[in-house]
Each structure stands twice: as structure tokens, then as C-alpha cells.
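Quick notes on the structure that follows.
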Amino acid sequence: MTLLDLPVRPLAPLLEMHLGAGIRSAQRLHGGDISDTFRLDTTRGPFVLKTSPQKAGGRLPDGFYAAEAHGLSLLRSAPLVTPEIIAHGSGPAGQPYLLLSWLPPGDDTLATQDALGRGLAALHARPVPGFGGLPDNYFASLPQRNPPAGSAAEFFWTARLEPLLTRERLHLTPRDRAGFDTLRGRLPDLIPPEPPALVHGDLWHGNVRYTPRGPALIDPAVGYSHREVDVAALRLFGGVPRRVFQAYHEAFPLADGWEARVALWNLYPLLAHLLLFGEGYLGRTREALHAALSPR
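This is the structure in C-alpha cells:
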């Protein structure tokens, strides 16, 4: 075994036990603000390790990787690829880890874009018990509550927007907060009534992969919510071809006006980014709030 990166080295004996294989090398992968992510090349082939040694000792939320593993297990019911969960837990000095199968890269083609849209539509079409009701989990490193709710509007406010709006360091002015108070009263009229759906919950383009087996989803923040949550998230930072939305709509038509509601649903990830990364996201949050209150 070659010399491993320091975050991997203490975990190596435990990981080799889980894998039943020796680790030959570890290559650090790009992306992610919470975990150190590595491709492990082993005698059984490649795997993925997520760990966060710098946050050991309680700084990484308890149960963080267990929540991610649970979300991935729920998404495995979809006709989309997800990484296989090999193991998760704590290693020496409480260092948390999540060990996953490797997803080899594939081509982004019209066919795979179509498969992503149709696969997501099939996921959203599957019945779930109600809004909320899943174990609490995380959006990035932020705690995410999933209490039962009677409607999509109630769940979106009480489980998504309100918990962030009560946090400090949001940089919101009294005028901004008055806008959110107005939004709270309007939500039942703004959100079209639909049955609840299992949503990925953080479906920006960076959490989509194309593999030889088809489109894949990673890093979920799952919930039983309104399906437009995922459709809107695909628009948040761009990078998702129009064909994906066309294929989705062909398979499971969206309610009229869905594009005008993209800003509404993306208020949640924008508030989260405002809290995590600072006031650089304030302008875009205000724009989304104005658009949500002035639907076309």
C-alpha cells in the first residue's frame, strides 16, 4: 500500500476489513465543502470514501453520514443509479466515514438527459405516506427537520423556511423579513395541490452524474415534499440541459406556471447558502423572494 493521505491513513485497516481488500492508493476528489472525498483504488477495484477528520470530536453533526446513507437507500427505489452503501460509522478518535461504490463516468448525451428527466419523473410518481414524516437529516451541514405536515405549503414553511429564518447571521433586513411574513400567508395559494413525493432535496447539477449504467444521483437531502422542489433545484445554478425538463414534463406533466415557481422553491437553498457562505447570496435571495411574491 502506498503512503495514503493523512485523512485516509487512520481508517485504512477498518476500510480494508469492510472491503475485504487491500487499499493500494487514495486519490483526493474535487468538490464538497463538508467532506474530504477520495477514490480508493483497491485489490477489488475502486471505491469512494467520504470522511471529515477536521470535524471529528463533534464538529461534524452527529449521524451525518448515517442520514446520507438513509437518503441514498430511499433513492435506490428510483429507476436512477445511486452509489451502493458499503459501510458507515466512526473510526479511530471518532473520525466519521462513509464508504460507497465507485460510479464510473459516462457520457452526457441526449439519451442520458432524457433518462434523467424520465427517471426523476418516475421517482416523483411513486406514492409516499404524506408530507414530512421522515427522520431528520441535513442540507449541507445544516440540520433539516422532517416533521409530518398536512400540506406542501405547511411543510415548506415549518420544516424548510422557518427554521432558517430563525437563525442568526442571515443578513436579512426588517424589510426582507416582512417579505417572508407576506410569503407565509400566500403560500397555500402559490403552491399547486399535488400528492407528496420523495424528493432528492438538493438536486443542483453537481449532485447529478452520468455513468455507463445511466444517470446517477448523489449527496441527497431527502424529504417527502412537493416534486417541484427537485425540478426547481435543477435550475438553481444552471448546467442542466433543457432536454431534461422536457423529458420530465413528457413523462409526468408539471402544473401550469411551474417555471414561475422556481424562485419560490429555491428560496430554501438560497437561504441555506446565505447562512453558510455569507451575504454574497443576499442579492439573489432578495430577487427570488420578489419573484415568488410576484408570480407571472
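So the number in the working numbering is just where the residue sits in the sequence shown, counting from 1, plus 94. Idealized CB from N, CA, C, for every residue including glycine. Predicted model only: the values in this text are computed from it and were never measured.
{"query": "Burial state of aspartate 208, where buried means 16 or more other Cβ atoms lie within 10 Å", "result": "buried"}
{"query": "Beta-carbon proximity check, tryptophan 359 vs alanine 310, cutoff 8 Å", "result": "no"}
{"query": "Short Cβ contact (8 Å threshold) for proline 177 with threonine 145", "result": "no"}
{"query": "Length of the line joining the Cα atoms of phenylalanine 158 and asparagine 231", "result": "7 Å"}
{"query": "Contacting residues, own chain, Cβ-Cβ under 8 Å from threonine 137 (five flanking each side not counted)", "result": "Ala115, Gly116 and Arg118"}
{"query": "Three-state secondary structure assigned by DSSP to histidine 182", "result": "strand"}
{"query": "Span separating the alpha-carbon of threonine 203 from that of leucine 214", "result": "17 Å"}
{"query": "C-beta atoms of arginine 380 and aspartate 270 nearer than 8 Å", "result": "yes"}
{"query": "Closest Cα partner of leucine 109 within the set Leu194, Ile312 and Gly200", "result": "Leu194"}
{"query": "8 Å CB neighbourhood of leucine 369 in its chain, flanking five on each side removed", "result": "Leu236, Leu258, Arg261, Arg263 and Leu264"}
{"query": "Coil, strand or helix - serine 129 by DSSP", "result": "coil"}
{"query": "Buried versus exposed, by CB contacts within 10 Å (16 or more), threonine 206", "result": "buried"}
{"query": "Pick from Arg122, Pro286 and His112 that is closest to phenylalanine 250, judged by C-alpha positions", "result": "Pro286"}
{"query": "Cutoff 7 Å; reference leucine 228; Cβ partners in own chain excluding five residues on either side", "result": "Asn240, Val316, Gly317 and Tyr318"}
{"query": "Contact under 8 Å by Cβ, valine 293 with arginine 321", "result": "yes"}
{"query": "Residue-level contact to chain D via CB, valine 175, 8 Å cutoff", "result": "The question asks about chain D, but that chain is absent: this structure has only one protein chain."}
{"query": "Run of the beta strand (DSSP E) containing alanine 172, from where it starts to where it stops", "result": "Looking at the DSSP string, alanine 172 is not in any beta strand (DSSP E), and its letter there is neither H nor E."}
{"query": "First through last residue of the alpha helix (DSSP H) which encompasses glutamine 207", "result": "204-219"}
{"query": "CB contact flag (glutamate 60, leucine 143, <8 Å)", "result": "No information on residue 60 is available, as it lies outside the stretch 95 to 390 that the chain covers here."}
{"query": "Alanine 219 versus proline 107: straight-line alpha-carbon distance, rounded", "result": "43 Å"}
{"query": "Serine 129, buried or exposed, once every other Cβ within 10 Å from all chains shown has been counted against 16", "result": "buried"}
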